[in-house]
Every structure is written in C-alpha cells, then in structure tokens.
Amino acid sequence: MAPVHQGEATHCPYCALQCGMYVSEDAGGAITITPRHDVPANDGALCQKGWTAAALLTGGARLTTPLARASRAGPLVPVSWDDALDRVAAGLRAVQDEHGPDAAAVFGGGGLTNEKAYLLGKFARVALRTGQIDYNGRFCMSSAAAAANRAFGMDRGLPFPITDIAGADTVMMAGGNVAETMPPFLRHLRGALVVIDPRRTRTAGRATLHLQPAPGTDLALALGMLHIAVTEGYADQDYIAARTSGFAEARASVATWWPERAERVTGVPVARMREAVHLLGDAGKAMIITGRGAEQHAKGADTVTAYINLALALGLPGRPGSGYGCLTGQGNGQGGREHGQKADQLPGYRRIDDPAARAHVAAVWGVDPADLPGPGRSAYELLDALGTEGGPKALLVFGSNPAVSAPRAGHVAGRLAALDLLVVCDFVLSETAAMADVVLPTTQWAEEHGTMTNLEGRVLLRRQAVAPPSGVRSDLAVINGLAARLGHADGFSADPGTVFDELRRASAGGVADYSGITYERIAAGPGLFWPVPAEDHPGTPRPFLDRFPTPDGRARFVPVDHRPPAEDVDEDYPYYLTTGRVLAHYQSGAQTRRIAALNEASPGPYVELHPDLAERLEVVSGDLVRVSSRRGTTEAPARVGPAIRRDTVFMPFHWAGANLLTNPALDPLSRMPEFKVCAVRVERAVPDAARAADARADRGRA
Ligand SMILES: Nc1nc2c(c(=O)[nH]1)N[C@H]1C(S)=C(S)[C@@H](COP(=O)(O)OP(=O)(O)OC[C@H]3O[C@@H](n4cnc5c(=O)[nH]c(N)nc54)[C@H](O)[C@@H]3O)O[C@H]1N2
Ligand SMILES: Nc1nc2c(c(=O)[nH]1)N[C@H]1C(S)=C(S)[C@@H](COP(=O)(O)OP(=O)(O)OC[C@H]3O[C@@H](n4cnc5c(=O)[nH]c(N)nc54)[C@H](O)[C@@H]3O)O[C@H]1N2
Ligand code: SF4
Ligand SMILES: [Mo]
16 MAPVHQGEAT
26 HCPYCALQCG
36 MYVSEDAGGA
46 ITITPRHDVP
56 ANDGALCQKG
66 WTAAALLTGG
76 ARLTTPLARA
86 SRAGPLVPVS
96 WDDALDRVAA
106 GLRAVQDEHG
116 PDAAAVFGGG
126 GLTNEKAYLL
136 GKFARVALRT
146 GQIDYNGRFC
156 MSSAAAAANR
166 AFGMDRGLPF
176 PITDIAGADT
186 VMMAGGNVAE
196 TMPPFLRHLR
206 GALVVIDPRR
216 TRTAGRATLH
226 LQPAPGTDLA
236 LALGMLHIAV
246 TEGYADQDYI
256 AARTSGFAEA
266 RASVATWWPE
276 RAERVTGVPV
286 ARMREAVHLL
296 GDAGKAMIIT
306 GRGAEQHAKG
316 ADTVTAYINL
326 ALALGLPGRP
336 GSGYGCLTGQ
346 GNGQGGREHG
356 QKADQLPGYR
366 RIDDPAARAH
376 VAAVWGVDPA
386 DLPGPGRSAY
396 ELLDALGTEG
406 GPKALLVFGS
416 NPAVSAPRAG
426 HVAGRLAALD
436 LLVVCDFVLS
446 ETAAMADVVL
456 PTTQWAEEHG
466 TMTNLEGRVL
476 LRRQAVAPPS
486 GVRSDLAVIN
496 GLAARLGHAD
506 GFSADPGTVF
516 DELRRASAGG
526 VADYSGITYE
536 RIAAGPGLFW
546 PVPAEDHPGT
556 PRPFLDRFPT
566 PDGRARFVPV
576 DHRPPAEDVD
586 EDYPYYLTTG
596 RVLAHYQSGA
606 QTRRIAALNE
616 ASPGPYVELH
626 PDLAERLEVV
636 SGDLVRVSSR
646 RGTTEAPARV
656 GPAIRRDTVF
666 MPFHWAGANL
676 LTNPALDPLS
686 RMPEFKVCAV
696 RVERAVPDAA
706 RAADARADRG
716 RA
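Under the numbering used here, read the sequence shown as residues 16 to 717, first letter to last.
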C-alpha cells in the first residue's frame, strides 16, 4: 500500500528530543500535527506541547508587524520593516560611536537553528565587531559541557544513540525529570532506574530506587558513592589502566567521603547509596545521566565531574551500551553551543582564544584574525552589566526571554530598562519584547528550513511545512538586513542552505565537524551524528569507543570536593527553594502560556511544599503562600504533598515569580547560575481581598 501523504516531515519546535512530526495544512488553513515513526527519539510519540504546537502558527498571539516606540516612555506602535531596521542600525551605530564596539551586545538562544546561531555569532564578531555575545544555553547546558570537555575532551550531550539506553540494565538519572520534560524519553528506560531528586517526581515514581538528597548536595552524594564503589571493589581496574588518567588523585579525593559523612550532608541513608552503587556496579551495561537538577549550581561543573568520576571508575564511558551523558534541554541546545553564539567560542566548537581557531574561521569569513574580538561576558554577567559604566548600551535578543528566565530577574529587568536600545526578535510579545524599543516579528519552526542538533548529537533537517504570514521575516533575513545597513552587504545570506554550506566550512577540522553533512544527506533519514568530516563519512554515533578526543586519548579523572550552596539556609531564610519544569509549559512560558489547551492543563504557578511545613504555616492546598529570598518576593497557591523534602519548596519557573527569588551566584568554570538552590522564607499570604476586608474592618473599629 502506498504511504498516505501526511504533510511535511519536520521536528517539534520545543525540546532537545526533537520529536519527529508531520505538519500539514488543509485548504482552509487548518494545521494538523501527527507524529513520525522514523525518528528513533520519539518513534510515534509526542507530548502535549508537541501535539498543540500548531496553535501558535495561526493564533492571534502572533506578531505580524514590526513595532517601535516614538519615545522611551511611549507605547509600541506598528512601523514598516525599513523604518524598524533603520532605527536599529542607527541606534547600534550611535552607541558604538560613543562607547566603542563592545557597547553593542547580542543575546542568543538554544532554540535557534544551527544556521541562525552561526550567522548570529558571525554578525556579532564581523558586522558589530563586539565580543559581547552569549546565549541562554549558559543557563542550561554549560556545567555539563564544561565537565564533559574537561573529562572527555568533547561535549556531546549523549555520546551514544538514544536507542542504546534501552539496552542498559541500570540507568542512574541525577536531577532529570524526563517524565515531564521529555515524556517520549521514558520509552528508552527499560532496565533498573535510579532517580536522584529532592522531590518524588513522576520520573522518580517509576524508579527502582529514589535517592532524595537536599538541593545542592549531589556533589557529596557522588563522592560518597565513589567511595563505596572503590572500597567495595567495583572499580574496573583494567578499564581504568587502559582508558583513563588521574584515578589515584580521584580515589584520594574520596578517601574522607565515607558514606556516613555523605549521609549527614545529603540526608540520603547509607543503605540507599550502597544499593545505588550495587545496581550500577552489578549491571552488565549501565549509564549515568545528569539533568539540570545536578547541574544548575554554583558548583555544577564539579558536581557533574563527580558523577563522571563515578562513571569512569565503573568503566562505563566508551563501553558499548554504557556511558555517561547529559540531557540537553532546548531544541537546538546542542548545536547552539557549537557554532559561535557563546562568548568564548567560534564555529565547530572552537575556542575563540585559540590562535589556530581564529585563523581558520577568519579565513572563512574573509577577515583579519586580529580583527576578531576575544571572549566576552557570560550570560548573567552580560545582563548584569547592561547600561552600566563600561557595560553594553544596546542589546539584540534572538530566542530568549530573560526578563522571566534569568536569575534575579527583577534586577535583570532593571538592567534591560537601563539600556539606550533594546531590540527583540520574536514571534510573540514576550515579557522581554514588551520592554523593547524595537520588536522584529519572525518566522517560526514550521515556516522555515534549517538544521537542529538533538540531544544525541544527531543533526536533523527541520523542513518548512507551511507558509509564513505576510509581514514577518526570518531571523536570517533580519540579520541580513541589519548587516547590510552596517556596511556588510555580503557575507550574511538570508538563505539557510547558503548559510549551512558556510557553516560546514567554518566547522571543518573542529571538534564539532559538520563539513560532511548536506541537506540532501539528512533529508533522506533521521540525521547524522557529528563529527562528520567528509561527505562519504557515515557520522559518529559513539565517538568514545576506541579513544577519547583528549591529547593522550584517555579520559581524565578530575579530583573535586563538596562545598555548601552559595546561599545556605539560616534563621531568616530557613528553607531551600528549588525550581524546575512542569509538563505543559516550556521555559519562560512565552510560547506555551499563549496556548489555551496548555493553560487548561497547567493554569498558573504554585509552591510545592511538604505537609509538615504546611501544618507549621497553617496552610492547605490552594491557600496563597508568600515566598521571599534576599532578592525578592512572590506569591502563589500552595500545593501540599509528601513528594518533597520537609526542608525544601519547589516552584516552576514558567511564570514570572520564581526567578525574582533565585540566586545569580555563578559556577567559576561554566558561569552557570545557581537556579536550583537558594534560601527562602515561606509564609501564609493574606489574599488581597482579605487584606482589603481587614483594612475596612480596622477603619470601622477606629
Ligand atoms: N515540559 C517541559 N519540558 C522541557 C522544558 C520545559 O521548560 N518544559 N525545557 C527543556 C529544557 S531547556 C531543559 S534544560 C530540560 C530540563 O530537563 P530536566 O533537567 O528534567 O528539568 P528540571 O525540571 O529543570 O530539573 C529536573 C529535576 O531536578 C530536580 N532538582 C532540583 N534541585 C536538585 C538538586 O540539587 N539535585 C538533584 N539531583 N535534583 C534536583 C527538580 O526537583 C526537578 O525534578 O527540559 C527540556 N524539556
Ligand atoms: N528558575 C529557573 N530559571 C531557569 C531554569 C530553571 O530550571 N529554573 N532553566 C534555565 C534554562 S535550562 C533555560 S534553557 C532558560 C530558557 O529560558 P529562555 O531563554 O527565556 O527560553 P524561552 O522561554 O524558550 O524563550 C525563547 C523566546 O524566543 C522565542 N523564540 C523561539 N524560537 C525562536 C526563533 O527561532 N527565533 C526567534 N527570534 N525567537 C524565537 C520564543 O517565542 C520565546 O519568547 O531558562 C533558564 N531559567
Ligand atoms: S518531548 Fe520535546 S520534542 Fe517531543 S513533543 Fe514534547 S516538547 Fe516536542
Ligand atoms: Mo535548558
């Protein structure tokens, strides 16, 4: 039977699983989404965000005309594209003339295609000649990336196909809640599952074993588990001798981390730690996977390193069917960190401070290597510097909503307001776009071609399936239009295929080598695993099988030690706040809060707390509670239940509120902020109506 034509084969707009889907449009303009079976990550499944993704293509929330303000205090009003782009170019030129090239800054996103991320990085370095570019992936992957680079010489989220996970006898998931963040991932979890999370999440509910540490204590937990593995003879001496360096130092670093000490720090009973080590160590094939829960800490890179040390001691990385990996988050979180929108990076996962890398990329770009700027500020440091003496005075945002998603967001909103010029490219009026001087309306996923690199490092083709509304332009066309106005009529094509061909050349010879990938090659099947150094190269599904891409070919143990959270609990702020995600909403919620079905599923923020704490506060589910940290205060309804530790409260960050509280303390290596733990005070809040009634009663008595 001939296959039924189901529309264009493309991929979901949201997370790094990049589920395959068909998108079709009928004569009346109605758009239908159906899952694909030829993409191993989802194999016919989608989550509710994927199913409802078409709602934003057609709905009234869509921006379809450029907007600008007549004055800083005036409202955003429709303007023509020429007017909008002229204003942006003039504003950029004005701040750079007065304060130098670094007065203009760029903030990118891990949702952008490889082509966009590449062209944005080139635009910053060549057209603006600014070093001030970073992106939201700094808030996402940076700790795992830094740790993987340090240990393996390469950061590819999963250095094996996702389908390998199904063959593992044991998977340890540290700080990942895939049942909500990538539901089709669950189908790949077939063996024993060990979940490490301060909350008994939906993922933990499926686990063989759930370890429930205090937020910010994974490092001690991993050190304790390595201590157990070593003392109980689970260290794989043959593997350690053949494939690694530095084991003696790592072993010495856990000598004093006897499990009882780790129990005192984490709250996880010694017996549970032992059980976890046995499940991993006795398995024929085993994997350790970290998510944001373990990584988004001021010690995130060392925490991931401690989990990698455990994996190396057990002989997992590079062994078929076993390994260490991290859950890349955003749709193109992987590719977005490879091609140059990161402050310290050039395309192909090259370092911007490496003279050979600068020479190679400068030659592709046709510029003098000496003219390429050096490394710039990391994401939070960049946002924190906006509008300050010596900091950027103009900011272009492509694919992020930092007014909601950045740590200490109240302060960040103040910095955004202090700019001379804020420009946001988006297809909805996000909270950040609503603050902008100029808003540029862009095309979306299903309206454009481009490549995405999923959590496995598989480079996929995202195909155009529907026509964009008139009035919008692609991000590439926006960059092209701005570059032309800044004197670069050439070198910034608006055609994704042309940009991809240049990206291939720029990445050639780098760690993330895409030079052998063509649209034709990835159009036929479910993508190619990088590196792909030649057009006849089959791609690299498992890059660590024979050697690690370090100078000596060995993976490196790096000794690390535990330290408390940057802000620990005390008398004034006696509880830990941790933050994360719910199934129905995506990130800052800019997209999903505009979709009715998702709002119905998850209508608003909440504070999850333990029944013991609820009793102390005299609140029941649904009562408003006030949560305060040293940085801000927010209120949300309580959700009371025994799934969370007594000393911890949880808030999703999809609504403004959670990030008014979070601590921007940064990891020294990755510059990751401490989203996953800060100290808070929790009180019963008096609803406005009750407060007003009390005030009336008081007046009545007076
Ligand atoms: N529905 C939905 N799916 C998404 C996204 C989304 O916004 N919504 N975003 C995508 C992106 S960009 C990302 S990065 C991924 C993130 O995917 P995950 O890492 O799975 O998501 P989070 O909910 O941020 O964090 C996971 C868990 O970490 C736990 N946690 C908190 N503190 C700690 C700690 O100190 N230690 C440990 N071990 N665990 C802790 C939280 O309780 C939470 O359950 O999801 C992707 N998928
Ligand atoms: N408290 C707390 N805060 C967190 C986290 C946490 O766990 N806790 N997680 C952090 C993590 S892991 C991440 S990844 C960040 C994400 O947070 P953000 O960076 O704010 O990500 P999004 O909400 O996805 O914002 C993307 C914006 O870009 C738009 N957009 C999407 N695709 C495109 C495109 O192709 N072009 C253009 N021009 N625009 C586009 C969307 O409409 C949306 O407005 O949040 C971080 N913040
Ligand atoms: S799991 Fe991720 S990629 Fe798959 S449908 Fe949901 S949001 Fe989209
Ligand atoms: Mo993320």
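Glycine included, every Cβ here is placed at the ideal spot set by N, Cα and C. The structure displayed is predicted, hence computed values, not measured ones.
**Asked** Looking only at DSSP bridge pairs, what is residue 699 linked to?
**Response** 640
**Prompt:** Which partner residues does residue 693 have in the DSSP bridge list?
**Reply:** 592
**Asked** Nearest to residue 605 by CA position, among 686, 147, 416, is which residue?
**Response** 416
**Terminal residues of the alpha helix (DSSP H) in which residue 149 lies** = Here residue 149 belongs to no alpha helix (DSSP H); instead the beta strand (DSSP E) covers 148 to 150.
**Asked** Less than 7 angstroms between the CB of residue 614 and some heavy atom of ligand 1, yes or no?
**Response** no
**Item:** Own chain partners of residue 235 with C-beta closer than 6 angstroms, once the 5 adjacent residues on each side are dropped
**Value:** 277, 280, 281, 577
**Asked** Cα separation between residue 512 and residue 31?
**Response** 22 angstroms
**Message:** I'd like to confirm something about residue 150: is its beta-carbon nearer than 7 angstroms to some heavy atom of ligand 1, or not?
**Reply:** no
**Request:** Tell me whether residue 188 sits in a helix, a strand or coil according to DSSP, three-state version.
**Result:** strand
**Asked** Going along the chain, which residues put their C-beta within less than 6 angstroms of some heavy atom in ligand 3?
**Response** 27, 29, 30, 32, 33, 34, 57, 61, 62, 64, 65, 197, 198, 199
**Prompt:** Where do the N-terminal and C-terminal ends of the alpha helix (DSSP H) with residue 430 fall, by residue?
**Reply:** 424 to 432
**Prompt:** From what residue to what residue does the alpha helix (DSSP H) around residue 241 run?
**Reply:** 233 to 246
**Request:** Measure the CB-CB distance between residue 621 and residue 651 and report whether it falls below 8 angstroms.
**Result:** yes
**Euclidean distance between Cα positions of residue 194 and residue 469** = 18 angstroms
**Request:** Tell me whether the beta-carbon of residue 3 lies closer than 8 angstroms to the beta-carbon of residue 418.
**Result:** Outside the displayed range of the chain (16 to 717) lies residue 3, so it cannot be described from this structure.
**Message:** Measuring only from the beta carbon, is residue 551 closer than 7 angstroms to any heavy atom that is part of ligand 6?
**Reply:** As for ligand 6, it is missing from this structure, which binds only ligand 1, ligand 2, ligand 3 and ligand 4.
**Prompt:** According to DSSP, is residue 302 helix, strand or coil?
**Reply:** strand
**Message:** Looking at ligand 4, does it come within less than 7 angstroms of residue 340, judged from the CB to the closest heavy atom?
**Reply:** no
**Request:** Would you check if there are 3 or more beta carbon pairs closer than 8 angstroms linking the stretch 328 to 345 to the stretch 101 to 115?
**Result:** no
**Request:** Report yes or no: do the stretch 345 to 355 and the stretch 191 to 205 share at least 3 C-beta pairs separated by less than 8 angstroms?
**Result:** no
**Message:** Can you tell me whether residue 369 is buried or exposed? The criterion is at least 16 other CB atoms within 10 Å of its CB, across all chains shown.
**Reply:** exposed
**Close Cβ partners of residue 360 (< 7 angstroms) along its chain, the five nearest in sequence each way excluded** = 366, 367
**Prompt:** When burial is assigned at 16 or more other CB atoms within 10 Å of the CB, is residue 16 buried or exposed?
**Reply:** Reliability of the predicted coordinates at residue 16 is poor, the pLDDT of 37 falling under 50, and the value obtained from them is presented with this limitation in mind. Residue 16 comes out exposed.
**Prompt:** For residue 26, which beta-bridge partners are listed by DSSP?
**Reply:** 35
**Message:** Could you check if residue 172 belongs to the surroundings of ligand 4, using beta carbon to heavy atom distance under 7 angstroms?
**Reply:** no
**Asked** Any heavy atom of ligand 2 closer than 7 angstroms to the CB of residue 601?
**Response** yes
**Request:** Report all residues from its chain with a CB closer than 6 angstroms to the CB of residue 629; omit the five preceding and five following residues, and keep chain order.
**Result:** 655
**Sub-8 angstroms separation of residue 439 and residue 454 beta-carbons** = yes
**Message:** Taking 7 angstroms as the cut-off, is the beta-carbon of residue 344 closer than that to any non-hydrogen atom of ligand 4?
**Reply:** yes
**Asked** What are the residues that DSSP puts in a beta bridge with residue 610?
**Response** In the DSSP output, where bridge partners are listed per residue, residue 610 has none listed.
**Request:** Counting only the same chain and skipping the five closest in sequence on each side, list residues whose C-beta sits under 7 angstroms from that of residue 377.
**Result:** 383, 384, 387
**Prompt:** Short check: CB of residue 528 to CB of residue 547, under 8 angstroms?
**Reply:** yes
**Exposure label - residue 306; buried when at least 16 CB within 10 Å** = buried
**Contact belief for residue 644 with residue 676 at Cβ below 8 angstroms, rounded distance in angstroms** = 4 angstroms
**Prompt:** To which residues does DSSP link residue 225 through a beta bridge?
**Reply:** 210
**Message:** Please list the terminal residues of the continuous alpha helix (DSSP H) segment that includes residue 391.
**Reply:** Unbroken run through residue 391: none, as it is neither H nor E.
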